[in-house]
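Sequence positions in the first sequence follow full-length UniProt numbering and run 1 to 284.
In this text, a Cβ means the ideal position worked out from N, Cα and C, and glycines have one as well.
Step one of this worksheet: look at the structure below.
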Amino acid sequence: MPELPEVETIRLQLNNVLKGLKITGIEVLTKKSFLGDPGEVKGKKIIGVRRRAKITIIEMEKGISLAIHLKLTGQLIFRKGTEKKYCEQKDGPFAVCELPNKFTRVIISFNNRGRLYFNDLRIFGWIKVINTSSEIGEEKFGPEANDKKSFTLEYFNSILSKTKKPIKLIILDQEKLAGVGNIYANESLYSAEILPTRQSSFLNDEETVKLRDSIIKVLNEAIKHKGSSDRDEAYRQISGEKGTHQNYLKVYGKAGQKCSKCGGIIKRISLGGRGTFYCEKCQH
DNA sequence: CCGGCATCCTGTGTGC
DNA sequence: TGCACACAGGATGCCG
């Protein structure tokens, strides 16, 4: 679920509330969800929270970090015993009125009585104690997709020219471009008016420029709107509130509806085993 | 090396 | 109402 904009929103908010705190305890409720020794981080002070691709990295003193991947259904909810809890959605697996809940896998406690709840319905996500960034394969990731300085046009041209794969699969490949997931791959291609199935090496110069601009623009817009909580509404900000960018999506999950630009019908196909949405009329 | 598929899990929605 | 099946935002590992 969470892609770059959602993880970036969480990172920013966690950085605000966790910086300077000490970890006082780690409770692992589901073994598969926590990799490494919880004792290694106990008592450590938090220096800051950063992000690489879709991984949140809580950096502590002595070069130790907690790397967190939310995969499809992970949530990170921060709460202090005293503060008013967010409670809008009472039912369903992603409601966070009462914590811990059935899907809470790890609870991290801090010296200000705050707690960070890692919830994950499908148990695909993980928290990992790391000493070096290579333990999460950081050096393998491509440039950050929302950063026009590292994601250059020259770089984009070079990776596209080398492959015959459909363009959507390339922008979803974290080793080529870091942070784009299924929602924003669909939205970016729509914005650039390019079909997801187009062969990468056949994009012309104009299309390549437009697609790069669209990816950067779409991701940064979504960050402004604090991410998308679509469909099952798993994604939450650290307060438990939903994001708002779902209200701005143009094609993702909209099969059968009218395109807002041209009135054409939004189609759904499967590409690389993932739901793929596009407007047949305005994407070429 | 590549594409395609199954896999890790649990839950919801749809159609018969 | 029951049941079977499709689908779900990610990423890896296996196969031929």
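Could you tell me if residue i is buried or exposed, where buried requires 16 or more neighbouring beta carbons within 10 angstroms of its beta carbon?
i      : result
ASN111 : exposed
PHE156 : buried
SER33  : buried
CYS279 : buried
CYS259 : buried
GLU61  : exposed
Who are the Cβ neighbours of residue i in its own chain at under 7 Å, not counting the five residues just before and after it?
i      : result
GLU138 : ARG52
LYS210 : ALA192
ASN131 : GLY63, ILE64
Give every residue of the same chain whose Cβ lies closer than 6 Å to the Cβ of residue i, excluding the five residues on either side of it in the sequence, and list them in chain order.
i      : result
GLN89  : ALA95
ILE167 : ARG198, SER200
SER239 : TYR86
ARG274 : ASN182
SER229 : TYR235, LYS242, GLY243, GLN246
Closer than 8 Å by C-beta to residue i: which residues in its own chain qualify, once you throw out the five before and the five after it? Chain order, please.
i      : result
VAL17  : PHE78, GLY114, ILE238
ILE123 : THR30, LYS32, SER33, ARG105
Who does residue i pair with in a DSSP beta bridge?
i           : result
CYS279      : ILE266
residue 305 : This structure cannot speak to residue 305, because the chain is shown only from 1 to 284.
GLY74       : ASP120
GLN199      : PRO166
VAL106      : VAL28, PHE118
LYS258      : ILE265
ALA234      : The partner list for ALA234 (beta bridge, DSSP) is empty, contrary to what the question assumes.
What alpha helix (DSSP H) runs, 4 residues minimum, are completely inside the segment 110-166? The qualifying runs are 153-161.
Evaluate contact between the segment 61-74 and the segment 119-135, counting only Cβ atoms and requiring at least three cross-stretch pairs below 8 Å. Contact holds: three or more Cβ-Cβ distances are below 8 Å.
Any contact of the segment 97-111 with the segment 225-238, i.e. 3+ C-beta pairs under 8 Å? These segments do not touch.
My parser needs the alpha helix (DSSP H) runs of 4 or more residues fully inside the segment 4-72; what are they? Every unbroken stretch of the alpha helix (DSSP H) spanning 4 or more residues and falling wholly within the segment 4-72 is given here in chain order: 4-18.
The segment 3-16 touching the segment 171-181, judged by at least three CB pairs closer than 8 Å: Taking 8 Å as the limit for Cβ pairs, the verdict is that the segment 171-181 does touch the segment 3-16.
Between the segment 240-253 and the segment 10-28, do three or more beta carbon pairs fall short of 8 Å? Remark: fewer than three beta-carbon pairs, one from each stretch, lie closer than 8 Å, so the segment 240-253 and the segment 10-28 are not flagged as touching.
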